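Residue numbers (UniProt numbering): 1 to 103. Backbone N, C-alpha and C define an ideal beta-carbon position, used for all residues, glycine too. As the structure is a prediction and not an experimental result, all values here were calculated from the model.
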DNA sequence: CCTGGGGCAGCCG
DNA sequence: ACGGCTGCCCCAG
């Protein structure tokens, strides 16, 4: 029985390269729409840093958000996947957003 | 831009 | 089990 964190990590693993998701979306996909904050916690507590791509998780509206290993690193990782970040936001966020389910 | 309030899992003590 | 604190947050003002 996976804990909340496990569920979150599992969901994050499903995000394909070149796409991004948000804390809010993850919370919704995990079944707790208001647990977006706990999602952020799960990411920082993520045991496998690059393995589980928490760098593909941004804040709502496409804002870059934070990163335990430094936001700089996060931006670089995203850039290497073809995702550009300008002015603290993901360019073309709406199009690059990975949707888990169509409710 | 900044502030305050809300809401939630995890980790102490 | 219980209360208090923390955090890669969100939203309204």
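- Rounded to whole angstroms, the gap between the alpha carbons of residue 45 and residue 79 is 23 Å.
- In the DSSP assignment, residue 86 is bridged to 89.
- If you check the CB distance, residue 98 and residue 19 come in under 8 Å.
- Separation of the CB atoms of residue 81 and residue 42 is rounded to 21 Å, and the pair is thereby denied contact status at 8 Å.
- Per the Cβ contact rule, the region 21-39 is in contact with the region 48-63 (3 or more Cβ pairs under 8 Å).
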